[in-house]
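FYI, the numbering for the sequence shown is 3 to 916, going by this note's numbering. Taking it in order: structure first as structure tokens, then the write-up.
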Amino acid sequence: MVGREGEQEVLSAFVAASGGQALVLRGDAGVGKSALLDHVVEHSTAEKHKVIRAAGVEAESELPFAGLHQFLYPLLTYIDRLDDPHRGVFDVVFGRGEGTAPSVMTLGIAVLDLLSLAASQQPLLLVLDDGQWLDTSSTAVCGFVGRRLTGSSVKLLVGLRSEVPSGFDTAALPELPVTTLPEKVSEQLLDMHHPGLDPQIRRLVLAEAQGNPLALLELPPYVRSGRARRNPEELFGYTGIPLPLRLQHVYGARFQALGDTVRAELLRGALDGVGAGTAADRTRVTRYRIRDADEAAACGLLDIDPLSGDFVFRHPLVRSTVVQTATPNERRAAHAALAHVHRDDVERRATHLSASTVDPDEQVSAALEAAAVSATRRGGAVAAMAWLTRAAELSESREERSRLLGSAAYVAGHAGQLDQARQLLRSDSGAGNGDSPASVVASGYVAFFEDGDVRSSQRQVFAAIESMRDGGVREPNEVLTRLIDLLLAMNQYASDEEAWERTHELLDSLGDLVSSHSRVYQDAWGDVVRRGAGVRERVEHAFAALSRLEPWDVTRLCVAAYHVDTLSQYRPYLQRTVEREVETGALADAMTMLHLIMLDQIGVGEWAEAERTGQRCLELTTTHGHTLFVLHTQAYLGLVAAMRGQVDLARDMQATVDAWARPRGVGFLTQITDAIGTTAALTEGDYEAAYLHAIGITPPGTFTPYAHQAPRTLLDLVEAALHTGRTEQARSHALAAQNAGLPDISPRLALITYGALAMTTTDPTQADTLFRHAQTHPAAPHFPYEHARIQLAHGIRQRHTQGPKAAQHPLTLAAETFERLGAQTWADRARTELRAAGTSTFTSSAHLAALTWQERRIADLAAGGLTNKQIGERMHLSPRTVSSHLYRVFPKLGITSRAALRDALGKLPDDQNM
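Pasting the structure below:
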């Protein structure tokens, strides 16, 4: 027995007590009263008590003294030893003689004498289960006897259902309430008897049982089998879960005894999700208000919510019983009434319309499609898929059914339910629509997400778009837009120049049929160098209508924002949205959202967080079998590892991704593997290998068309070329970036372009101007890795051209940033340069810049050899005040003694010198 330690302790004391007494166990059906009674019987038997058990039976509740007969039948042999008056009382009660029925007092005294006689040799325990069904006469006698057991060797223990009125309610016997189990104990009991439950089923059982042990033990098999038999469309409007007969009987008889009007009222409440027990709905969602149901409350089916004053179901099992015991016609009628109640709520109305409709109905089908759109935008793609499937069933038009099934399959693909998407496609092809544009969209996504099938899917999608164009499409079309967006996504992954050029020609031929969003994707995803101007502003404009965007639109626009390095401003929304989409929404888009969050974390220098995000995404993509996204995630994790100096791990991931992506022509990923190789080589200081990897992405002096990594590796190629003596190639590449207008495309590209130009110019004055331009650029703090590399290059150049002192400030800032990022090899490189610049120990720039004017003046005088008294005389301060200032100065400069002041002050940057 789990979680009943308190009750067991009380009952053990009850058994061990020296005198006679009575106790009532009161609790809801299934709460464990019978188990506690069994425990007491077992304990009493071990203590040598004589135990007599009886149970109230509803069928015998109208038979006078039927319950008393159960109790006393084992003691009939003792009746003959009673005196004549008491023996005569029993003869009348049990039909062995004639006479007037005795009063409760007369019979009760006779029972007390009988029990005293029976207990004279051995303590006696009377145990009554389901006492609420005991007949009225027997209940009255048991109450009379229970109040008069003091001084005897007889104990009476009664189990009662709290929700059923009985004569024991006024018997004034001591009570022990038996409540439902606490949450943690419920989980323990469930896991003990049903280990390894699916997490969703486990949550459902715990919510439905609400601590009721009987429900916890008996529900899981029914929930499992019920869920296995149900399709998404069968979930419409259904509240509650399949119940075994034993649980149905707990409340079923009372529900069936209600009048028709009250039963219909309860059914409407159950189907609309009226709260139950402690789980009564506290949300702002408007639920059906049950009215005129006092009859149901009186028999223990309903309670009153203390906050709202509305009726709520006493327990979730009541709600499930109400639904299960209703006939199909009764449920449909209730759903139709609820659809009218919620006529202004798109999704709630659709829920009930769907469940109330049997025959095809175009209006209901249209309502379901509108609900699917609404659900998708709020993160309910799984519900949207079911609504679209049901909408297809209710449509009489073959073309409409095909379109709706295609939409359902499309949503299923985005929701990560690839098997369901295939099933929907088979349903459509079985109806003769296997080559419809809608089916091409869905099948293309399935092949794309699961296998990374870019080439063959590209051809199929391209042909479908041409077919729609040539077929005379004259207005923007949802299916056409989906085909275009799928083609653009495939082109992005393929990164093939010829395919992109063909796509541009195709989309140009479509003119205004291409949506404004698709035009953004076309320009951002393909070749940002040549088509990226203005993308940043267009993405901002699209996000101004955020509430009207589908989750996949949000994801695609954020991909465009990544390509122009403005992702940070949209990341908060992604972080708020991704959990919702993982749980009930567009799972595939949630994977891309995690990629985008990870990319922004990499960009802003949150590398540890980026790795955690990547690991979570890897687990998610692996679990759901999205092979393309698994490899995509590994590519980004490899890039993080390379930046952090974990070069062996980075190269392992590089090899894994490259071996999968290159044969399939997934150029997007092969470019990332080359970027991993470049980054890892730069981290190790192997500049020749870094250069070879970098020119695998793009040759110096140009940017390979449709290679998304080409502009992103600008700084890598330039640094590798300079360190290997290829100054001409480095300079030509920096100038190519300037001539291509990269600073106008994105803030990050502006930063690295100015850095590359500064590194490669031979004019010292121009170099200083460009370095200053890069380091004071508003975007510099948002891209700390690139910023620190530019500061390091600046410091090295300063040391060679202007001397060690001028180099210390940029080198210190670079070393600090690399330390914070966890780029240890880069930090070591910066510290090496600092030592070459005459700094023996690394001192934080935050300390160097933190002196106030007065602190700096006092420090200078102290470094010149003046005592605290002499400094105080000069600055009109007390010696103690001077001492306090110096006490604050020492840690700011990273020193511990007066003797180190001169050297520490000499390392301050120029703008801190007086």
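All C-beta atoms in this analysis are idealised placements derived from N, C-alpha and C, irrespective of residue type, glycine included. As the structure is a computational prediction, the values presented were derived from the model and not from experiment.
- Helix, strand or coil at Val276 according to DSSP, with G and I counted as helix: coil
- Got a sec? Which residues, its chain only, sit under 8 Å from Val537 by beta carbon, not counting five neighbours each side? Val522, Asp525, Ala526, Val530, Ala562, His565, Val566, Ile747
- Item | Rounded separation between Ala742 and Arg532 - CA only | 8 Å
- Task: Sort Tyr693, Arg822, Val42, Leu813 by Cα distance to Arg833 and report the nearest one.
- Result: Leu813
- Three-state class that DSSP yields for Gly29 in the structure shown: strand
- Item | Spatial distance of Ala328 from Val343 (CA atoms) | 20 Å
- Message: If you reduce the DSSP assignment to three classes, tell me which class Leu396 lands in.
- Response: coil
- DSSP puts Ala56 in a beta bridge; with which residues? Leu130
- Query: Does the segment 482-497 come within contact of the segment 464-471, defined as at least 3 CB pairs closer than 8 Å?
  - Reply: yes
- What number of angstroms, rounded off, separates the C-alpha of Ala677 from the C-alpha of Thr635? 14 Å
- Query: Cα separation between Pro234 and Ala414?
  - Reply: Annotation note: pLDDT 36 at Pro234 (below 50); position unreliable, no value reported.
- Beta-carbon gap between Gly797 and Ala809 smaller than 8 Å: yes
- Message: Does Met387 pass the burial test, meaning 16 or more other C-beta atoms within 10 Å, or should it be called exposed?
- Response: buried
- Query: Between Leu260 and Leu340, which are expected to be in contact by the criterion C-beta below 8 Å, what is the C-beta distance as a whole number of angstroms?
  - Reply: The Cβ separation is near 19 Å, so there is no contact.
- Query: Helix or strand or just coil, what does DSSP make of Leu647?
  - Reply: Leu is not the amino acid found at residue 647; the sequence shown has Gly there. Looking at Gly647 - three-state DSSP - the assignment turns out to be coil, as it is neither helix nor strand.
- Distance CB(Glu364)-CB(Glu395) smaller than 8 Å: no
- Can you check DSSP and say which residues form a bridge with Asp305? Val314
- Message: Is it buried or exposed, Tyr75, if we count other Cβ atoms within 10 angstroms and call 16 or more buried?
- Response: exposed
- Query: Which partner residues does Arg163 have in the DSSP bridge list?
  - Reply: Gly29
- Who pairs with Ala24 in a beta bridge, going by DSSP? Leu158
- Message: Counting beta carbon pairs with one atom in the segment 217-227 and one in the segment 187-201, are three or more of them shorter than 8 Å?
- Response: yes
- Task: Please name the residue, chosen from Ser429, Gly133, Glu581, Thr138, that lies closest to Leu65 on a Cα-to-Cα basis.
- Result: Thr138
- Message: Within a Cβ cutoff of 7 Å, which residues of the same chain sit near Leu576, ignoring the five residues on either side of it in sequence?
- Response: Cys560, Met595, Leu598, Ile599
- Query: Going by the beta-carbon positions, is the gap between Ala769 and Ala760 smaller than 8 Å?
  - Reply: yes
- Check the DSSP bridge columns for Pro179 and list the partner residues they point to. Arg28
- Under 8 Å, do Tyr693 and Ala723 count as touching if we go by C-beta distance? yes
- Own chain, CB closer than 6 Å to Gly640, minus 5 neighbours either side, in chain order: Ala652, Met655, Gln656, Ile678
- Item | Proximity winner among Lys186, Leu109, Phe16, relative to Ala24 (alpha-carbon distances) | Phe16
- Item | Straight-line gap, Leu485 to Arg457 (C-alpha atoms, nearest Å) | 15 Å
- Residue range of the alpha helix (DSSP H) that includes Gly616: 609-625
- Check whether Thr763 and Leu772 have beta carbons under 8 Å apart: yes
- Nearest residue (CA-CA) to Glu686, options Asn331, Phe670, Arg471, Ala829: Ala829
- Per-residue burial, Lys157 [other beta carbons within 10 Å of its own, 16 or more giving buried]: buried
- Message: For Ile54 and Tyr253, I'd like the C-alpha separation in whole angstroms.
- Response: 29 Å
- Output yes if chain B places a C-beta closer than 8 Å to the C-beta of His878; else output no. No chain B appears in the structure shown, which is made up of a single protein chain.
- Can you give the Cα-Cα distance for Glu297 and Val264, rounded to whole angstroms? 8 Å
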